[in-house]
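Chemist: My structure is below; once you've seen it, I'll send some questions.
Numbering (this note's numbering), first residue to last: 64 to 327.
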């Protein structure tokens, strides 16, 4: 009774033999992680080789869509896609940067990989809202006031921008305050706000100062628009005024709540 029997001592020795349960669990997890790592390595090597080392997934051709004035050949040349390189390693951001720098006519471009061998370039070109004549050439201006291209022939249906900025009195003060670039953007905003039926007949958008912008129509009629502010209200007023006075030659909507027309 005072001491343990031989059988009891043997059972205790058997229970205490071997590592503790927690240690055994850790070892099992470690073996599982090692096995998983080896599996991933063996699976990963062929995958890496497929994308970077094989000839199956390489850039071999470039497709271009969305061009109007530019040609696909011009876009492809400017993109300078590294043909023959692994498709996965082609830097699409660098391609977009090159296109924007080399071809200012491009407003936006979406560069995507077309597996297994292509690069797709979806181009959106800038649209001229106004043109500025300089010598025998014409500079195209888009809806953000960006002068993006010089062409030898004026695009059809695009009015000319005339900066009649004198260097004295209020016009000079306006030029000093806003700068030429801002005044160009004001002219663009006016051109965009003009009613469609009037826009088709607009020959010139003339800027004398920030709040003195006028339209010259192809049939000789003139519209005093003022600044670009309240463009929608001025467009509605001009439409109504022209219907009410079809024989008038001069329309003033610079204050849309107090329009005027004259001449016949």
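Every residue, glycine too, gets a C-beta built ideally from N, C-alpha and C. On a predicted model such as this, the values are computed, not experimentally measured, just so you know.
CB residue 268 to CB residue 254, shorter than 7 Å?
Modeler: Position 205 of the chain shown, counted from the start, is the residue given in the question as residue 268. Position 191 of the chain shown, counted from the start, is the residue given in the question as residue 254. For residue 268 and residue 254, yes; Cβs fall inside 7 Å.
Chemist: I need the boundaries of the beta strand (DSSP E) containing residue 175, first residue and last residue.
Modeler: The residue given as residue 175 occupies position 112 in the chain shown. Run containing residue 175: 169–177, per the beta strand (DSSP E) assignment.
Chemist: Taking Cβ positions, are residue 324 and residue 301 nearer each other than 7 Å?
Modeler: The count along the chain shown starts at 1 and reaches residue 324 at position 261. The count along the chain shown starts at 1 and reaches residue 301 at position 238. No, Cβ-Cβ distance for residue 324 and residue 301 is not below 7 Å.
Chemist: Go through its chain and collect everything with a Cβ distance to residue 211's Cβ below 7 Å, but skip five positions before and after it.
Modeler: If you number the chain shown from 1, residue 211 lands on position 148. Contacts found: 167, 168, 189, 203, 205.
Chemist: How many angstroms separate the CA atom of residue 280 from the CA atom of residue 157?
Modeler: Counted from its first residue, the chain shown places residue 280 at position 217. Counted from its first residue, the chain shown places residue 157 at position 94. Residue 280 and residue 157: Cα-Cα distance of roughly 45 Å.
Chemist: Pull up the distance between the alpha-carbon of residue 237 and that of residue 164, whole angstroms please.
Modeler: Numbered from its first residue, the chain shown carries residue 237 at position 174. Numbered from its first residue, the chain shown carries residue 164 at position 101. Straight-line Cα distance between these residues: approximately 33 Å.
Chemist: Leaving out the 5 sequence neighbours to the left and right, which residues in its chain are closer than 6 Å to residue 256 when beta-carbon positions are compared?
Modeler: On the chain shown, position 193 is the one that residue 256 refers to. Closer than 6 Å at the Cβ level, and outside the excluded window around residue 256, lie 294, 298.
Chemist: Buried or exposed: which applies to residue 282, given that a residue is buried once 16 or more other Cβ atoms fall within 10 Å of its Cβ?
Modeler: Your numbering for residue 282 matches position 219 in the chain shown. Its Cβ having fewer than 16 others within 10 Å, residue 282 is exposed.
Chemist: Which same chain residues end up closer than 6 Å to residue 289 when comparing Cβ atoms and leaving out the 5 residues on each side of it in sequence?
Modeler: Residue 289 sits at position 226 when you count from the first residue of the chain shown. Around residue 289: 274, 317.
Chemist: Alpha carbon to alpha carbon, what distance is there between residue 262 and residue 150?
Modeler: Here residue 150 refers to the residue found at position 87 when the chain shown is read from its first residue. Here residue 262 refers to the residue found at position 199 when the chain shown is read from its first residue. Rounded to the nearest angstrom, the two C-alpha atoms are 47 Å apart.
Chemist: DSSP state of residue 255, grouped into three classes?
Modeler: Position 192 of the chain shown, counted from the first residue, corresponds to residue 255. Correct three-state label for residue 255: helix.
Chemist: What are the partner residues of residue 260, as DSSP defines its beta bridges?
Modeler: The count along the chain shown starts at 1 and reaches residue 260 at position 197. Residue 260 pairs with nothing; no bridge assigned.
Chemist: Rounded to whole angstroms, what's the CA-CA distance from residue 276 to residue 138? Just pull it up for me.
Modeler: Here residue 276 refers to the residue found at position 213 when the chain shown is read from its first residue. Here residue 138 refers to the residue found at position 75 when the chain shown is read from its first residue. Going by the C-alpha atoms only, they are around 37 Å apart.
Chemist: For residue 171, which residues in the same chain have their Cβ closer than 6 Å to its Cβ, ignoring the five residues on either side in sequence?
Modeler: The residue you call residue 171 lines up with position 108 of the chain shown. Here the set comprises 187.
Chemist: Under three-state DSSP, which class holds residue 310?
Modeler: As a working note, residue 310 is residue 247 in the chain shown. Residue state, collapsed to three classes: coil.
Chemist: Can you tell which of 312, 266, 123 has the C-alpha that lies nearest to the C-alpha of residue 177?
Modeler: Sequence index remark: in the chain shown, residue 177 carries index 114 (1-based). When each option's Cα is compared against that of residue 177, the closest is 123.
Chemist: Can you list, in chain order, the residues of its chain with a C-beta nearer than 8 Å to that of residue 141? Leave out the 5 residues immediately preceding and following it.
Modeler: Stepping through the chain shown from its first residue, residue 141 is reached at position 78. So the list reads 161, 162, 165, 166, once near-sequence residues are dropped.
Chemist: Are there 16 or more other CB atoms within 10 angstroms of the CB of residue 239, so buried, or fewer, so exposed?
Modeler: If you number the chain shown from 1, residue 239 lands on position 176. So residue 239 ends up on the exposed side.
Chemist: So, for residue 103: in the same chain, excluding its five sequence neighbours on each side, which residues have a beta-carbon less than 7 Å away from its beta-carbon?
Modeler: Here residue 103 is taken as the residue at index 40 of the chain shown, counted from 1. Any reading at residue 103 is ruled out, since the residue's pLDDT is 44, under 50, leaving its predicted position unreliable.
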